[in-house]
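Protein sequence lines, in the order shown, are assigned to chains H and X. The first sequence begins at 1 in this note's numbering and counts up one residue at a time. The second sequence begins at 293 in this note's numbering and counts up one residue at a time. Accompanying notes for the structure given below.
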Amino acid sequence: MAIVVDRDTRLVVQGITGREGSFHATRNKAYGTQVVAGVTPGKGGLDVEGIPVFDTVTGAVAETDANTAMVFVPARFAADAIYEAVDAGIRTVITITEGIPAHDMLRVYNYVRPRGITLVGPNCPGALSPGKANVGIIPAEIFAEGRVGLVSRSGTLTYQIGHELTRLGIGQSTIVGIGGDPVVGSSFIDILEKFEADPETELVVMVGEIGGDEEEKAAVFIAERMSKPVVAYIAGFTAPPGKTMGHAGAIISGSAGTAQAKKEALEARGVRVGTNPTEVAQLVADAVGARA
Amino acid sequence: MDLYEYQGKELFRRHGIPVSAGRLATTPEEARSAADSLGSEVVVKAQVLTGGRGKAGGIKLADSPQEAEHHAREILGMDIRGHVVKKVWIEEASEIAKEYYLSLTFDRGAKKPLFMFTTQGGVDIEEVADKTPEALAKLHVDPLAGLQPYHARRLLFAAGIEEPGEQKQIAAIVEKLYAAFVAEDAMLCEINPLIVEPHGRVKALDSKFTVDDNALYRHPDVAEMRDLDAYPAEERAAREKGVTYVKLDGEVGILGNGAGLVMSTLDVIAQAGGRPANFCDLGGGGDAQGVVDALEVITPDPQVRSILFNVFGGITRCDEVAQGILDALGRMEIAQPIVVRLDGTNADEGRQILADASPPNLHVEETMLSAARRAVELAGH
């Protein structure tokens with residue numbers, strides 16, 4: 001099972017002939033992901049390391065039965081690429097591209113959502129189900145197969161926590177980076193819901209940061225709708241208000257979006273919050289009873 | 293990107309939202325001639341990218357050009373919440389019968405633009421939302437369907453606007469504000485206060501306008517409005533080098549890869565009893581040039597007493613990062629002690645490279661927590 005990506009994933013990579021696109025498409029394929037097609041308009045008929053390239057997503061789907069798209073095209077063309085994937089019948093779209101205008105994503109989100117499509121990202125590292133499939137830029141070698149789900153707004157911080165878990169002998173079912181932009185296709189709740197339904201996941205680690213109120217909403221969701229335990233981490237206690245901390249969405253506006261408020265909201269709902277990545281891994285180890 | 297009041301009003305004007313006539317001045321003399329050309333009574337308003345100007349004495353009424361010059365002399369150079377006033381906006385004074393509040397924001401949770409409107413204008417909107425939430429009319433707009441006339445009607449009736457002249461003018465402003473919000477890729481458009489003059493005319497007396505940085509490529513005119521002087525010198529230098537940097541107040545300089553990990557590093561420094569001097573994200577790369585650029589941004593800060601390098605190797609390999617650090621140290625003099633913590637892909641090889649070279653003043657730690665403690669110690673805590 002796992003979530004978002006698994007053995008049934010048939011991936012089409014949009015922007016496959018770009019430097020990043022070809023590098024990661026090849027890596028994902030080498031990991032064992034079924035990378036069945038690439039799309040770059042005007043380059044149909046070529047291939048990238050044995051992956052056939054098509055001019056349109058529709059063409060790729062017709063020939064290869066692709067069901068998942070990874071978007072690597074530059075920011076100003078990315079919204080178009082997502083619409084194209086969705087209109088071609090793709091059910092899961094993972095957008096790695098960084099720097100997409102927020103208004104573009106606002107329209108994309110409201111178009112995609114009622115169609116029941118799973119949209120992950122943008123500005124995210126992708127999704128990895130260890131031993132099954134890797135779609136995106138997550139370095140698979142630091143993770144291991146197991147039963148802990150990991151969902152995060154940040155890339156390297158997720159790797160850090162995953163690494164600490166792996167070191168304690170705790171593997172993961174799926175790692176999902178939802179991205180650090182103001183408008184993301186999948187919220188914490190969307191991913192928590194999938195983990196709750198996944199028989200291969202027994203505990204979830206949620207890695208949040210300052211900005212917005214998704215962590216607060218997730219706290220309510222966890223308390224009311226989840227049977228599986230959740231361990232959380234929040235980054236940005238020392239971040240000053242009004243300053244964007246790297247991620248476009250990581251900003252405290254007025255009194256909203258602070259790390260303290262998020263921590264309190266989670267703890268008030270019985271979710272344990274680690275104070276640093278090492279402690280998070282330890283809390284997970286305590287909960288699953290693994291050797292530490 | 294936040295715009296000054298006068299820039300926001302320029303965008304309002306372009307989109308047909310009524311504002312007062314005004315002129316920008318950077319010297320008391322310019323303020324005087326601006327007041328002279330505007331004729332009547334004027335208001336001298338400090339242009340800073342922060343709130344609380346009024347309370348700080350940054351907004352003053354002037355009866356004559358002489359008085360405008362006098363006020364401008366006082367206001368220019370004033371420090372308002374850490375922002376030095378370098379420009380004043382001289383504007384025709386308005387008579388105010390009523391003060392309303394109208395804003396359009398990006399509701400991240402609902403993923404829709406959100407209008408907020410209340411007749412309790414001129415005050416802090418968070419306070420209105422807290423104390424009298426029933427007085428605040430809120431309404432989402434579906435970005436695919438766009439604004440419909442009923443949106444304005446609902447806001448007006450919910451807020452209790454009954455005067456037909458006001459209804460008509462505010463409905464038009466709601467429509468134009470939405471058009472401006474979409475056309476300029478705004479993250480926030482706020483009019484506080486939206487005033488009604490004694491004879492019934494409605495206009496925007498202030499503006500707060502924030503434009504999405506990611507969309508500036510399609511708004512070259514707005515991009516040009518960025519005032520580099522408004523940012524601390526270090527942040528300006530960082531921007532030129534393409535390094536993501538935010539100046540903070542402590543003694544431990546921080547360098548890391550990835551926004552989340554860097555934020556986490558700042559927190560761990562605080563937990564270890566220190567104070568971070570900055571947020572600095574190297575991004576994906578860790579090559580010598582990237583490391584040099586980042587160190588050049590961090591080290592001129594006189595408050596920095598130690599530097600913590602916290603890198604998690606993913607696609608970027610730690611041996612490459614270690615080599616980058618050595619190359620950087622070979623190319624520049626660093627006075628402060630540096631603590632390096634490498635983890636993830638090829639971390640052992642990276643640590644070995646640093647151990648073999650063992651440059652003076654460089655300390656290698658194995659974990660994020662021990663590295664944080666060491667950096668705090670070295671900063672003299």
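Every residue, glycine too, gets a C-beta built ideally from N, C-alpha and C. This structure is a prediction, so every number in the text was calculated from the model and none was measured.
D87(H) and R315(X) have their C-alpha atoms roughly 50 angstroms apart. Counting only Cβ-Cβ distances below 8 angstroms, Q581(X) has no contacts in chain H at all, with the closest Cβ about 18 angstroms away.
Restricting attention to L654(X), S598(X), D611(X) and H655(X), the CA atom closest to the CA of Q628(X) is found in S598(X).
Secondary structure at R633(X): strand, using DSSP grouped into helix, strand and coil.
Taking a Cβ-Cβ cut-off of 9 angstroms, the neighbours of V474(X) in chain H comprise H103, given in sequence order. By DSSP's assignment, M206(H) forms a beta bridge with V151(H) and A232(H).
One Cα belongs to G44(H), the other to G89(H), and the distance between them is close to 19 angstroms. In this structure, DSSP gives S173(H) an extended state, which the three-state scheme calls strand.
Within the same chain, and ignoring the five residues on either side of S227(H) in sequence, the residues whose Cβ sits closer than 8 angstroms to its Cβ are E196. For V57(H), the uninterrupted alpha helix (DSSP H) run begins and ends at V57 to T64, by DSSP. Along the stretch 144-176 of chain H, the positions whose C-beta sits under 8 angstroms from a C-beta of chain X are S152, R153, S154, G155, T156, L157, T158, Y159, Q160 and H163, read in chain order. E658(X) sits in coil when the DSSP states are folded into three classes, being neither helix nor strand. V589(X) carries a helical assignment under DSSP once its states are collapsed to helix, strand and coil.
For G344(X), the nearest beta carbon of chain H is not closer than 8 angstroms to its own beta carbon. For S598(X), DSSP records a beta bridge to V544(X). In this structure, the beta-carbon distance from L396(X) to F304(X) does not fall below 8 angstroms. Annotation for Y111(H): the continuous alpha helix (DSSP H) segment containing it runs A102 to V112. Interface annotation for the stretch 605-631 of chain X against chain H: G606 and I607, criterion Cβ-Cβ distance under 7 angstroms. Under DSSP, the beta-bridge partners assigned to K404(X) are D399(X). Around V271(H), the same chain offers A219, I222, V230 and A232 as residues with beta carbons nearer than 7 angstroms, after the five sequence neighbours per side are excluded.
Residue nearest to H247(H) within the set V334(X), R518(X), G300(X) and L574(X) is L574(X) (criterion: CA-CA distance).
Counted as a single uninterrupted DSSP element, the stretch harbouring F23(H) is not any beta strand (DSSP E) but the alpha helix (DSSP H) occupying residues R19 to Y31. Membership of A78(H) in the alpha helix (DSSP H) is indicated by the continuous run A75 to D87. Around L106(H), the same chain offers V183 as residues with beta carbons nearer than 8 angstroms, after the five sequence neighbours per side are excluded.
Taking C-beta atoms under 8 angstroms as the contact rule, D611(X) and N638(X) qualify, at a distance of about 5 angstroms. Where G50(H) is concerned, there is no enclosing beta strand (DSSP E), because DSSP gives it neither an H nor an E. Contact between the stretch 96-113 of chain H and the stretch 516-531 of chain X is absent: fewer than three C-beta pairs spanning the two stretches fall below 8 angstroms. Its chain contains R315, A317 and I382 as the residues whose beta carbon lies nearer than 6 angstroms to that of A326(X), once the 5 sequence neighbours on both sides are disregarded; these appear in chain order. Per the DSSP secondary-structure output, A354(X) pairs in a beta bridge with V334(X). A133(H) is bridged by DSSP to S129(H).
In the structure shown, Y393(X) falls within a strand segment according to DSSP collapsed to helix, strand and coil. With 16 or more other CB atoms across the displayed protein chains lying within 10 angstroms of its CB, G149(H) is buried.
The beta carbon of A551(X) sits closer than 6 angstroms to the beta carbons of D573 from its chain, once the five residues preceding and following it are set aside; these are given in chain order.
Residue-level contact by beta carbon fails for F407(X) and chain H, as no gap is shorter than 8 angstroms. Rounded to the nearest whole angstrom, the C-alpha separation of R400(X) and V57(H) is 29 angstroms. Listed along chain X are G401, each with a C-beta nearer than 8 angstroms to that of K217(H).
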